[in-house]
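A.B. asks: Protein sequence lines, in the order shown, are assigned to chains E and V. Taken in order, the first sequence gives residues 1 to 259; the numbers are from my numbering. Taken in order, the second sequence gives residues 1 to 412; the numbers are from my numbering.
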Amino acid sequence: MKYSKLVLMIWLYTASAALALALTAQEIIDKVDSNMTFNTARMESKMVIHVDNEVRTKELLQFEKGKNQGYAEFLSPARDKGVKYLKIDDNMWMYLPSVDKIIKIAGHMLRQSMMGSDFSYEDALESSKLNEKYTSTLTGEETVPLTFMEAGKQVPKLRVCYVIDLTAKVKDVTYYQRKVWVDKELYVPVKSELFALSGKKLKTMTVGNVQRFGARYYPMYFTMSNLLRQNSSTEMFVTKAQFDVPVADKYFTQAALTK
Amino acid sequence: MFLFSLSWRNILRNYRRSILTGLSIMFAVAIVIFMWSFIEGEIKAVFDTMINTSSGHIRVVNTKFLKREKMLPLQENIPDYVAIQEMLAKDPNVKTVTGRIRFGVLLENNGTTKQSLGFGIEPQKEEQVLKLGKTLVDGRLISQGSEEEVNIGVQMAKELGLRVGDILTVVTQTAYGSFSAKNLQIVGIFNYGSPVIDKRCFFISLPVAQDLLDISGCVTELLVMTDKPDQARLEAAKIGEQIALAYPDRYTVKAWQDQGVLFTFMNLAKYIYMVILGIVLLLSAFTILNTMFMAVLERTRELGMMKALGLKNGQVVNMMLIESAALGTIASFLGAIFGTILSYYMSVRGMDFTKTVANMETFPIPNVLYAHFSWSYVLIGFSFGILFSVLAAIPPALRAAKMEATEALHEI
Chain E
1 MKYSKLVLMI WLYTASAALA LALTAQEIID KVDSNMTFNT ARMESKMVIH
51 VDNEVRTKEL LQFEKGKNQG YAEFLSPARD KGVKYLKIDD NMWMYLPSVD
101 KIIKIAGHML RQSMMGSDFS YEDALESSKL NEKYTSTLTG EETVPLTFME
151 AGKQVPKLRV CYVIDLTAKV KDVTYYQRKV WVDKELYVPV KSELFALSGK
201 KLKTMTVGNV QRFGARYYPM YFTMSNLLRQ NSSTEMFVTK AQFDVPVADK
251 YFTQAALTK
Chain V
1 MFLFSLSWRN ILRNYRRSIL TGLSIMFAVA IVIFMWSFIE GEIKAVFDTM
51 INTSSGHIRV VNTKFLKREK MLPLQENIPD YVAIQEMLAK DPNVKTVTGR
101 IRFGVLLENN GTTKQSLGFG IEPQKEEQVL KLGKTLVDGR LISQGSEEEV
151 NIGVQMAKEL GLRVGDILTV VTQTAYGSFS AKNLQIVGIF NYGSPVIDKR
201 CFFISLPVAQ DLLDISGCVT ELLVMTDKPD QARLEAAKIG EQIALAYPDR
251 YTVKAWQDQG VLFTFMNLAK YIYMVILGIV LLLSAFTILN TMFMAVLERT
301 RELGMMKALG LKNGQVVNMM LIESAALGTI ASFLGAIFGT ILSYYMSVRG
351 MDFTKTVANM ETFPIPNVLY AHFSWSYVLI GFSFGILFSV LAAIPPALRA
401 AKMEATEALH EI
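#1: If you follow the beta strand (DSSP E) that M305(V) is part of, which residue opens it and which one closes it?
#2: What are the residues in the segment 140-171 of chain V lying within 7 Å of chain E by C-beta distance?
#3: Which of helix, strand or coil does DSSP assign to A392(V)?
#4: Would you call the segment 29-39 of chain V and the segment 369-385 of chain V in contact, with 3 or more CB pairs under 8 Å?
#5: Write down every uninterrupted run of the beta strand (DSSP E) in the segment 32-114 of chain V whose length is 3 residues or greater and which is fully enclosed by it, in chain order.
#6: Check whether the Cβ of D249(V) lies closer than 9 Å to any Cβ atom in chain C.
#7: Starting from I197(V), follow the alpha helix (DSSP H) in both directions and report where the run begins and ends.
#8: Which chain V residues sit within Cβ distance under 8 Å of S113(E)?
#9: Does Q128(V) get closer than 9 Å to chain E when you measure Cβ to Cβ?
#10: At a Cβ threshold of 9 Å, is V83(E) touching chain V?
#11: Given that a residue counts as buried once 16 or more other Cβ atoms are within 10 Å of its Cβ, and exposed if not, what is E149(V)?
#12: Once you ignore the five residues that flank E411(V) on each side, which residues in its own chain have a CB closer than 8 Å to its CB?
#13: On the DSSP letters alone, give me the boundaries of the beta strand (DSSP E) that V187(V) sits inside.
#14: When the Cα atoms are used, what is the spatial distance from I33(V) to E407(V)?
#15: Along chain E, which residues have their Cβ under 7 Å away from the Cβ of D352(V)?
#16: In this structure, does DSSP put K355(V) in helix, strand or coil?
#17: Could you check what DSSP says for V83(E) in three-state terms: helix, strand or coil?
#18: Whole angstroms are fine: how far does the CA of K201(E) sit from the CA of L86(E)?
#19: Note down, in chain order, each residue of its chain lying with its Cβ closer than 8 Å to the Cβ of N313(V), except the 5 sequence neighbours on either side.
#20: Does the distance from the CB of A45(V) to the CB of L391(V) come in under 9 Å?
#21: Report the CB separation of L257(E) from Y95(E) in whole angstroms; it is logged as a contact under 8 Å.
#22: Measure the C-alpha to C-alpha separation of S24(V) and Y345(V) and round it to an integer number of angstroms.
#23: What are the uninterrupted segments assigned as beta strand (DSSP E) that are 3 or more residues long and contained completely in the segment 241-311 of chain V, given in chain order?
#24: With three or more C-beta pairs closer than 8 Å as the rule, is the segment 113-121 of chain V touching the segment 199-212 of chain V?
#25: By Cβ distance, which residues of its chain are closer than 8 Å to S146(V), with the 5 residues on each side in sequence left out?
#26: Would you check if the distance between the CB atom of N10(V) and the CB atom of M319(V) is smaller than 9 Å?
#27: Could you name the residues of chain V that M94(E) contacts, counting a contact when the two beta carbons are closer than 8 Å?
#28: Rounding to the nearest angstrom, what Cα-Cα distance links L136(V) and N62(V) in this structure?
#29: Take the Cβ of T53(V) as the centre, count every other Cβ of all protein chains shown within 10 Å, and call the residue buried at 16 or more, exposed below.
#30: For the segment 240-251 of chain E against the segment 39-52 of chain E, do three or more pairs of beta-carbon atoms, one drawn from each stretch, fall closer than 8 Å, so that the two count as touching?
#31: Count the other CB atoms, across all protein chains shown, that sit within 10 Å of the CB of N151(V); report buried if there are 16 or more and exposed otherwise.
#32: In three-state terms, what does DSSP make of E182(E)?
#33: Would a check of beta-carbon distances place D269(E) closer than 9 Å to chain V?
#34: What's the call for T57(E), buried or exposed, on a 16-neighbour Cβ count within 10 Å?
#35: Considering S232(E), what are the terminal residues of the beta strand (DSSP E) in which it resides?
#36: Given a threshold of 16 other Cβ atoms within 10 Å of its Cβ, counted over all protein chains shown, does T253(E) qualify as buried or as exposed?
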C-alpha cells in the first residue's frame, strides 16, 4: 500500500514537472517571433531566382523598422540597379531609375512577386509577429533536416522539430493557415507551408545556415517556392545582417527613393 | 415584231400602272444591290480589322503561349523568329512575315494610370499588315531601330492630354516579373478608326519592346500574310509542317479562320447576315412577283378581248412576257443605277458609328462602316429584277391565255 502510494506520488510529481516544462504552442511561437522579428534591421542579400532552367541573380539592400516600415534597394543586375521599394503600413511605392519616377503600387499587388522572385513584397518587406496574427496548435514532433554552414558548405543535419498549425485570427493576412516546423533547440522555423483560405497550399519555405546574433538565432539562407508558378524557386542568401542597430528615419520617406 | 410594238404600246398606254409597277421593281433591285454591298462591306471590315490587328492570315505562336494567351505570357516566345521568317520568305504564296510582341501595360501620365496594350512591331513590314502609317493624323511612323519612340491613337492622346513630341512613360513587367519602364517620345498619332486600337493600344519598335520586356531576340507572335486569304487553312497546314520539321513540338500555326472565339463569333455573325440578306432578297422577290402578278391578272379582260380579236394563246403569253421583260429590264436598269450610286457613295463615305461603338473596347469594330462596292452585286441585282418580273408574269398570262375569250371577258 505504502509502496503504491509512493509510486503514485512520484508519478504525480514527474507528471506535473513535465507539464510545467512543456511549452505551449503559443510559447513556442513566441520564441520563434523573438528570433525572427526585430525592431530594426539592416540586411544585404543575394536573391537567386530559378525559373525552368534559367537562373537570375539579384542583390539587394534592405532596411526594416518596426513591423510596418520597409525599404529595399536593388544593387544588381544592371537592369534592376537602383530600383527601390518603400513600404509603410499597407502603402507601397516603387522608384524606377530608368524613368526617374515613383510609382505607387496598389494594395493587392503587395502579394505579387517581388522582382520576379517567389517572394512577394509582403514576404520580403514585412516583419510582423506570428502570435499577433495567428492562433497556434501544437500537433506533434517530427525530424526534419536543417542546413548548417560548415567549412563554407551547407551541411544538412537532422533536427527534432515541433510541428505547429497556425490559423489566422485577423482578417488581413495573405496566408490563412501556416504549418511550421520549429527547431526544438534553436526556435527557428525550419520549414513552413503556407496555405490560402481555401486550403490550397500556396508556398513552401525552408531556411538554413542558422547563425547566432546575441540571444537571437537567425537563418541566413531561405528558399521559397511559389507553388502557383511552375518549376520555380527562389533562394535568398543573407550576406550581411545587423539587428536592432540604429536605422535612419530618412529611408522611410518617399524622398529617399529618388536619391 | 408586231408583238414587240404591241407590248411597247401596252406599257406606254397605261403609263400610271407601268410606272407604279416599275417603281416597285426598281426599288427592290436597288435595295438588293445596296444591302448586298453593305453587308459584305461590314463583314469584310470587321474581318480585316481582326486579321490586321490580331491574327494575320496565318499566325505562328509558341504552343505554350496559346494555352495562356489571355495573360500574354512573354516567356513563351519565339526565339527562332528570324530563322522562321527567312524560311517562310522563300514560300511564293507568302507576302510578308512580321514579328510582334503584345504586352500589358500600365500607362502613367501625371498621376493618372491607364490599362493598355503595347505592341512591339517591325514598322516597315507592318505596312502590309497593320498599315499604321496610312492612318497617321500627326507626326510620323516610329523608326525600325532602338530609338525610344512611340505611336499612340487619337483617343488615347486625347484622354492623356498628349501631343507629338511629348513623353509617354510606360511601366510594365518583364518576362521575368521585374518591373521595367521607359520614357518614350511620341513621334506620331494615328486614327485607326477602331476604338479598341485608338483608345487602348500603342506601338513601339521591336528592339525597344525586347529591351523593355527583357526578351532580346524574341517575339511572341509571327503574322503571315498570304496572296490568297481564302486558302489560308491550306497554307497554314503547309507552313505548320515546315516549322514542325525544323522545330518539333514547339510552335502552333493557325489560319485566321481557326483563331479564337472572335472568329467563331464572326463566322456565326456572317451566317446571320447571310440569312438577313436572304430575307431581303425574298422580300424583294415577293414585291416584284406580287406587283407583276397583279398587274397582269387585272388585265384578264383585256387579254380576253385580244383573243376575241384573233390573237392566239401563244401570242398572248409571249406578248405578256415581252411586256414584263421590257418593263422589268427598264426598271431593273434604273434600280441598278440607283443601287450603284447608293452603294458607291457608301463605299466612299461610309456610315459613321463612332458614337455607337465608342465603348466597344474589346471588339475590333471600325468606327465607320463602308459598303463593299462590286459590279458583280449590280449585275446580280439587275438580273434578279428581270428574272422575277418575267417569272411573275408567266402564271397569270398562261391562265388568261387558256381561258375562252368569252370567259375572260366576263372576269371582273
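C-beta: ideal position from N, C-alpha, C; glycine also.
C.D. replies: The structure says:
#1: Along the second sequence, one-based indexing puts residue 305(V) at 305. In the DSSP assignment, M305(V) falls outside any beta strand (DSSP E) and lies within the alpha helix (DSSP H) extending over T300 to A308.
#2: Here the close residues are T169 and V171.
#3: Counted from its first residue, the second sequence places residue 392(V) at position 392. Note: A392(V) maps to helix in three-state DSSP.
#4: Touching, yes, given that three or more Cβ pairs across the two stretches are closer than 8 Å.
#5: Taking only runs of at least 3 residues, the beta strand (DSSP E) segments lying wholly in the segment 32-114 of chain V are 58-62 and 94-109.
#6: Included in the structure are the protein chains E and V, with no chain C among them.
#7: On the second sequence, position 197 is the one that residue 197(V) refers to. Start and end: P195 to R200.
#8: Within the first sequence, numbered from 1, the residue matching residue 113(E) stands at position 113. For S113(E), the C-beta contacts it makes with chain V under 8 Å involve G177, in order along the chain.
#9: As a working note, residue 128(V) is residue 128 in the second sequence. Interface criterion not met: the Cβ of Q128(V) is under 9 Å from no Cβ in chain E.
#10: Against the first sequence, residue 83(E) aligns to sequence position 83. Taking Cβ atoms only, chain V reaches closer than 9 Å to V83(E), which makes this a yes.
#11: Position 149 of the second sequence holds residue 149(V). It counts as buried.
#12: Indexing the second sequence from 1 puts residue 411(V) at position 411. Counting only Cβ-Cβ distances below 8 Å, and skipping sequence neighbours, we find T300, R301, G304 and M403.
#13: Walking along the second sequence from the start, residue 187(V) turns up at place 187. Note, V187(V): beta strand (DSSP E), F179 to F190.
#14: For this step, residue 33(V) is matched to residue 33 along the second sequence. For this step, residue 407(V) is matched to residue 407 along the second sequence. Roughly 42 Å separates the two Cα atoms.
#15: Taking the second sequence and counting its residues from 1, one reaches residue 352(V) at position 352. In chain E, no part has a C-beta under 7 Å from the C-beta of D352(V); the shortest such distance is about 38 Å.
#16: Start at 1 with the first residue of the second sequence, and residue 355(V) comes out as number 355. In the structure shown, K355(V) sits in a helix (DSSP, three-state: H, G or I).
#17: Taking the first sequence and counting its residues from 1, the one referred to as residue 83(E) is at position 83. V83(E) falls in the coil class under three-state DSSP.
#18: Stepping through the first sequence from its first residue, residue 86(E) is reached at position 86. Stepping through the first sequence from its first residue, residue 201(E) is reached at position 201. Going by C-alpha positions, L86(E) is about 28 Å away from K201(E).
#19: Numbered from its first residue, the second sequence carries residue 313(V) at position 313. Counting only Cβ-Cβ distances below 8 Å, and skipping sequence neighbours, we find K307, A401 and K402.
#20: For the purposes of this step, residue 45(V) is taken as the residue at position 45 of the second sequence. For the purposes of this step, residue 391(V) is taken as the residue at position 391 of the second sequence. No, these two residues do not count as a Cβ contact at 9 Å.
#21: Looking up residue 257(E) in the first sequence gives position 257. Looking up residue 95(E) in the first sequence gives position 95. That pair is a contact at about 4 Å.
#22: On the second sequence, position 24 is the one that residue 24(V) refers to. On the second sequence, position 345 is the one that residue 345(V) refers to. Approximately 22 Å between the Cα atoms of the pair.
#23: Those beta strand (DSSP E) runs which fall completely within the segment 241-311 of chain V and span 3+ residues are 251-255.
#24: The segment 199-212 of chain V is in contact with the segment 113-121 of chain V.
#25: For the purposes of this step, residue 146(V) is identified with residue 146 of the second sequence, where counting begins at 1. The residues are S205, P207, V208 and D211.
#26: Here residue 10(V) corresponds to residue number 10 of the second sequence, with the count starting at 1. Here residue 319(V) corresponds to residue number 319 of the second sequence, with the count starting at 1. Contact: yes.
#27: On the first sequence, residue 94(E) is found 94 positions in, with the first residue counted as 1. Correct list: F179.
#28: Position 136 of the second sequence holds residue 136(V). Position 62 of the second sequence holds residue 62(V). One C-alpha to the other measures close to 32 Å.
#29: The residue labelled residue 53(V) in the question sits at position 53 within the second sequence. Under this definition T53(V) is a buried residue.
#30: Judged by pairs of C-beta atoms under 8 Å, the segment 240-251 of chain E touches the segment 39-52 of chain E, as three or more such pairs exist.
#31: The count along the second sequence starts at 1 and reaches residue 151(V) at position 151. Within a 10 Å sphere around the beta-carbon of N151(V) sit 16 or more other beta-carbons, which makes this residue buried.
#32: Here residue 182(E) is taken as the residue at index 182 of the first sequence, counted from 1. Position check: residue 182(E) holds Val in this sequence, whereas Glu was assumed. If DSSP states are grouped into helix, strand and coil, V182(E) belongs with the strands.
#33: Residue 269(E) is absent from the structure shown; chain E starts at 1 and stops at 259.
#34: Your numbering for residue 57(E) matches position 57 in the first sequence. Around the C-beta of T57(E), fewer than 16 other C-beta atoms lie within 10 Å, and the residue is accordingly described as exposed.
#35: Position 232 of the first sequence, counting from 1, holds the residue named residue 232(E). Residues S232 to F243.
#36: As a working mapping, residue 253(E) is identified with position 253 in the first sequence. Sixteen is the threshold: since fewer than 16 other Cβ atoms of the shown chains lie within 10 Å of the Cβ of T253(E), the residue is exposed.
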